[in-house]
Amino acid sequence: MHRLIKQSDVLVENFRPGVMKRLGLGFQRVKEMNSQIIYCSISGFGQDGPYRMLPGYDQVAQGMGGIMSITGEPGGPPLKVGVAIADITGGMFAAYGILVALYNREKRGRGQMIDVSLLDSQVALLTYQAGTYFASGEIPQPVGSGHPLIVPYQAFKAKDVYFNIAAGNDKLWKILCKAIGLEKAIDDPKFATNAKRIENREEIVKVISDIIITKNGEEWLKILTDAGVPCGPIYTMDKIFTDPQVLHRQMLKELDHPKVGKVKVIGVPIKLSDTPGEVKTAPPILGQHTQEILTELGFSDQDIKKLRQEKVI
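Per the working numbering, the very first residue in the sequence shown carries number 247; after that it's consecutive.
Written as structure tokens, this is what we have:
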């Protein structure tokens, strides 16, 4: 491990605070071995503060970070987001921090420690809701699939399926009204502005719902798309990975796996013009690259054999 640290740019760990130090791999010790290393710690609650030693998991972070309190149907129980959003955003914020630290190292010639917590990553997502609370003192509540500050901007039930409508401003509201035959609502003082539609959310959503339920989703999507209203289907997994846009953007890749043959994986969402990213290999099996890494670090075949015999690797 020490040899690897001396040759590495970045070290990432996600133990509870103090564990790496007990292992002899705390930041100060690692810094002595490699003053330029970027040392990134990801934990449930961070390296300091009253909760630092508590175990942290995605579900716990979603709850304590407020995400579950604003997710779900009005009056219903708190709900977690369908993906492990605390784990994912924690990793994303860690990646941002690492990139910033690497850039700083290029300018100043030294590494540093990065401290990312799952709780912080969830609090950082409370953009609209925290702003509303700071400005008004009102505690935001869940609004189902709706938007806290825009109406109508949510899923609606057609005769056969749900789909999304996103009338994000007053101009789009008027276009929507004309497209669905609700012209009378355009100049209705209760609905004429977004602020009024928020105030009368329940009423206008019901009016629109009663219209949308009369046709199939595919019919509505064509009508609304032709009119210029932002809208879209709500896909299940089987539909996502057959969608022509998803396939065109290469968000589905097929790779060779050393044990199971062909496997499908998600593609790279960031498209760079000069240095496009690429998923080149399937996820490795346990220990697949151990020999290769140790050889690069200068271990001889005999050294590696001994480590295997001693069950170090």
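Even glycine gets a Cβ: it sits at the ideal position worked out from N, Cα and C.
Only a predicted model underlies this, so the values are computations on that prediction, with no experimental measurement involved.
List the whole-angstrom C-beta distance separating residue i from residue j, where the pair is believed to meet the contact cut-off of C-beta under 8 angstroms.
| i | j | result |
| --- | --- | --- |
| Q368 | I313 | 5 angstroms |
| V407 | R447 | The pair is not a contact, with the Cβ atoms about 23 angstroms apart (cut-off 8 angstroms). |
| A404 | K485 | At roughly 15 angstroms, the Cβ-Cβ gap does not stay under 8 angstroms, so A404 and K485 are not in contact. |
| G533 | I559 | 7 angstroms |
| L428 | V453 | 7 angstroms |
| L493 | F409 | With a Cβ gap of about 21 angstroms, L493 and F409 do not count as contacting. |
| A347 | G357 | 7 angstroms |
| I504 | I531 | It should be noted that the sequence gives Pro, not Ile, for residue 504. Correct: roughly 6 angstroms between the Cβ atoms. |
If distances are taken between C-alpha atoms only, which option among the options comes closest to residue i?
| i | options | result |
| --- | --- | --- |
| A412 | I432, L422 and I450 | L422 |
| V506 | G513, I512, A381 and A528 | A528 |
| L470 | K499, K424 and V509 | K424 |
| V416 | P263, G337 and D434 | Note that residue 416 corresponds to Asp in the displayed sequence, not to Val. Closest option to D416, Cα to Cα, is D434. |
| G392 | M310, L518, Q375 and Q537 | Q375 |
| S281 | V306, D294 and Q253 | Q253 |
| D502 | K526, L518, R495 and P479 | K526 |
| G343 | I334, M359, V329 and E352 | M359 |
| G311 | M247, L372 and G463 | L372 |
| F402 | V256, P479 and P324 | P479 |
| G560 | I283, G321, N260 and Y349 | Residue 560 is absent from the model: the chain starts at 247 and stops at 559. |
| D255 | M497, Q548 and M279 | M279 |
| S289 | I457, V265, S455 and Q548 | V265 |
What does a CB cutoff of less than 7 angstroms around residue i pick up in its chain, not counting 5 residues either side in sequence?
| i | result |
| --- | --- |
| F291 | Y297, R298, L300, G302, S363 and L365 |
| L250 | L543 |
| Q308 | M314, K326, V327, I331, A332 and Q368 |
| G474 | I421 |
| I516 | G523 |
| Q293 | P263, S287 and D361 |
| P386 | I316, Q375, T378, Y379 and P394 |
| T439 | D416 |
| I550 | Q537 and L540 |
For residue i, count neighbouring C-beta atoms within 10 Å of its own C-beta (all shown protein chains included) and say buried if the count is 16 or more, exposed if not.
| i | result |
| --- | --- |
| Y285 | buried |
| I520 | Strictly speaking, residue 520 in this sequence is Asp, with Ile absent from that position. The residue in question, D520, is exposed, as its Cβ has fewer than 16 Cβ neighbours within 10 Å. |
| D304 | buried |
| L269 | exposed |
| M483 | exposed |
| Y481 | exposed |
| T488 | exposed |
| I426 | buried |
| Y399 | buried |
| V389 | buried |
| V276 | buried |
| G355 | exposed |
| G383 | exposed |
| I334 | exposed |
Just verifying my parser: in three-state terms, what is the DSSP assignment at residue i?
| i | result |
| --- | --- |
| S315 | helix |
| F409 | strand |
| H393 | coil |
| M497 | coil |
| K252 | helix |
| P490 | helix |
| V306 | helix |
| D520 | coil |
| Q387 | coil |
| V258 | strand |
| K277 | helix |
| V506 | coil |
| M338 | helix |
| K353 | helix |
Excluding sequence positions up to five away, which residues of its chain have a Cβ less than 6 angstroms from the Cβ of residue i?
| i | result |
| --- | --- |
| H535 | none |
| E500 | K508 and K510 |
| L395 | Y374 |
| P476 | A412 |
| V258 | C286 |
| E319 | G390 |
Do we get a CB-CB distance below 8 angstroms when we pair residue i with the residues of chain D?
| i | result |
| --- | --- |
| A401 | The chain labelled as chain D is not found in the depicted structure, where only one protein chain is given. |
So, for residue i: in the same chain, excluding its five sequence neighbours on each side, which residues have a beta-carbon less than 8 angstroms away from its beta-carbon?
| i | result |
| --- | --- |
| F339 | V362, D366, S367 and A370 |
| K442 | P435 and K436 |
| G463 | A404, K405, D406, V407, Y408, F409 and P479 |
| V329 | none |
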